[in-house]
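Participant: Basically the working numbering = 1-based index in the first sequence + 94.
C-beta: ideal position from N, C-alpha, C; glycine also.
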Amino acid sequence: MAKKLISSVRGMNDILFDKTPIWQYVETAIKQVLDSYGYQEVRLPILETTELFSRSIGEVTDIVEKEMFSFIDRNGDNLTLRPEGTAGCVRAGIQHGLFHNQTQKLWYIGQMFRHERPQQGRYRQFNQIGAEVYGLKGPDIDAEIILMTARFWRQLGLNNLTLQINSLGSVEARTVYKQKLVDYLSDYYEQLDSDSQRRLRTNPLRILDSKNPQMLPIIAKAPQLLEYLDTESQEHFSQLRELLDKVGIKYQINPCLVRGLDYYNRTVFEWVTDCLGAQGTVCAGGRYDSLVEQIGGKATPAIGFAMGIERLVLLLLQSDLPIPTNSPDIYLILVGNEQVINHGWCLAESLRDALPNLRLVVNCGDGSFKSQFKRADKSGAKLALVLAEDELANQKIALKYLREKRPQVILEQSELINYLKNLD
RNA sequence: GUGAGCGUAGCUCAGUUUGGUAGAGUCCCGGAUUGUGAUUCCGGUAGUCGUGGGUUCGAGUCCCAUCGUUCACCCCA
């Protein structure tokens, strides 16, 4: 008889009311900072053609090879749930002519999808906030992006994040370096672990990022990317560092910091923490000067970053920072006949008219004084208002403080709005 | 995709070693001088023990499979 229970798709989680206040807190704080730097919001489709991602992220990356949710739709088109936000943003910019002799500072928020094995801080549907800047090639905008991300953490009260930066140089310089690295590592092929042997073919730069301690001696002696940078990239990188130093942003240069997506060049950066286990990257980004052209637009320099909201929420939950709630200010207790109830609802509506920011819950469903007070307490309300037949008859209302030791007061109903206005 | 741990009441878990009538706390509902919550006391609701096979007179417990979940590898935000 009982139907089989339908549950959510693996790695795709419901965020319920116990968590939404902290999500709203994070989103509001970050939007406020983006706004203050003059970035403008764009809202982009979750579904794009598969080709967009294979052309931008890179055919041989793990994301494109085995992590995308792709399917053929009714028309026979090959579509993909976006695994990241940059490609769609570039596509939209080209499509609407936003890059034609203009600069743009854009941001977006939304769900991304990757078919990975779920673990802490990594889910198949996850939420990112990202920003992208187009048409500016100098290190000043790289610095602005990094300064803005630093301000996010200050705004949220997070102080356990560290900044790592690196430069990948030009595409040409990186290609030369990549060959040098492959040559070097090939000499030690037998000593490489199986992951690194595989990456030697797929993404050699990632071997530098290996977590296997046995790889460290080999990596330590490997040729350094920074030594192979072209002079323009070196200049760009040193100007960026100078700017960060001047403003007083602390950073570590991590020569092993390479990004997983093919389109990055020059500046790359990550904000990392050791509080989240294996998924320690909270925010990451970099410059991608060739991507717009690669997708079919006019060559346009660009830089961007994205942060995982789930990871920010996890960090806030771990911290001692006060977790915001959305519990009501007032719970209105109504006991008595129909006249009491009717009058109570009218009173509640007049309070909402007079105090638009008031969070007021009116008791629904019957209940004794006792049970209604229990509900009032459980709601987290600071105050309980009591309206019953006595109060109705005398035009009064009782007000009780539920969270502090203060005596209950009896007010004229006509005084109530003024009394509440003067509370905060 | 690989490995390890865990699936018993809405939630947190005991019970599995040694097979024998399904347990606790919490939550929720009601009551303890019928107009006052959060403390205390009493009572009540609540589970085909993840699912499907197998062994057995008998399985939450043993065996196999499968799904889910957690963490790590990998990948990355």
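(1) Is the region 140-149 touching the region 179-189, taking contact as three or more C-beta pairs under 8 Å?
(2) If you reduce the DSSP assignment to three classes, tell me which class Q502 lands in.
(3) From the DSSP output, in three-state form, read off S508 for me.
(4) Alpha carbon to alpha carbon, how far is R500 from K476? Give it in angstroms, no decimals.
(5) How would you label Q308, buried or exposed, when you count the other beta carbons within 10 angstroms and need 16 or more for buried?
(6) Quick check: the region 396-414 against the region 286-293, are there 3 or more CB pairs under 8 Å?
(7) In this structure, what does DSSP give as the bridge partners for R381?
(8) Report the rounded CA-to-CA distance for N253 versus C377, giving the unit in angstroms.
(9) Just list the alpha helix (DSSP H) runs in the region 164-200, keeping only unbroken ones of 4 residues or longer that don't cross its boundaries, in chain order.
(10) Could you have a look at V103 and say whether DSSP puts it in helix, strand or coil?
(11) Would you tell me roughly how many angstroms separate the C-alpha atoms of M106 and P212, rounded to the nearest one?
(12) What first and last residue would you give for the alpha helix (DSSP H) that runs through Y271?
(13) Whose C-alpha, out of A237, G391, G438, F467, is nearest the C-alpha of A487?
(14) By Cβ distance, which residues of its chain are closer than 8 Å to S508, with the 5 residues on each side in sequence left out?
(15) Which one or two residues does DSSP pair with A478 in a beta bridge?
(16) Suppose the cutoff is 7 Å on Cβ atoms and the five residues either side in sequence are ignored; what does the same chain contact list for D423 look like?
(17) Can you tell me which residues form a DSSP beta bridge with G224?
(18) Would L110 be called buried (16 or more neighbouring beta carbons within 10 Å of its own) or exposed?
(19) For V296, list the residues DSSP reports as bridge partners.
(20) With DSSP run on the structure shown, which of helix, strand or coil describes R335?
(21) Is L428 near I435, with beta carbons less than 8 Å apart?
(22) Can you list, in chain order, the residues of its chain with a C-beta nearer than 7 Å to that of L241? Leave out the 5 residues immediately preceding and following it.
(23) In this structure, what does DSSP give as the bridge partners for R365?
(24) Looking at the secondary structure, which residues open and close the alpha helix (DSSP H) in which T155 lies?
(25) Near Y133, which residues of its chain fall below 6 Å by C-beta distance, leaving aside the five closest residues on each side in sequence?
(26) Going by the CB atoms, is the gap between P233 and L337 shorter than 8 Å?
(27) Can you tell me where the beta strand (DSSP E) holding V120 begins and where it ends?
(28) Assuming the contact rule is C-beta atoms closer than 8 Å, P395 and G251 should be a hit. Round their C-beta distance to whole Å, please.
(29) Flag this pair as yes or no: are the beta carbons of I157 and I166 separated by less than 8 Å?
(30) Is the beta carbon of R360 closer than 8 Å to that of S332?
(31) Between which two residues does the alpha helix (DSSP H) harbouring L241 extend?
(32) What number of angstroms, rounded off, separates the C-alpha of C350 from the C-alpha of F363?
Facilitator: Taking the coordinates as given:
(1) yes
(2) coil
(3) helix
(4) 12 Å
(5) exposed
(6) no
(7) N359, I397
(8) 14 Å
(9) 180-189
(10) coil
(11) 9 Å
(12) 265-281
(13) G438
(14) Q489
(15) Y425, K494
(16) L452, R453, L454, A475, K476, L477
(17) Y202, A400
(18) exposed
(19) It is Thr, not Val, that sits at residue 296 in the sequence shown. Beta-bridge pairing links T296 to no other residue.
(20) helix
(21) yes
(22) V341, I343
(23) According to the sequence as given, residue 365 is Trp; it is not Arg. In DSSP, W365 forms a bridge with L257, C377.
(24) Run containing T155: none; DSSP gives neither H nor E here.
(25) K199, W201, A225
(26) yes
(27) Premise fails: V120 lies in the alpha helix (DSSP H), 114-130, not in any beta strand (DSSP E).
(28) Going by Cβ atoms, the distance from P395 to G251 rounds to 34 Å, so no, they are not a contact pair.
(29) no
(30) no
(31) 233-250
(32) 11 Å
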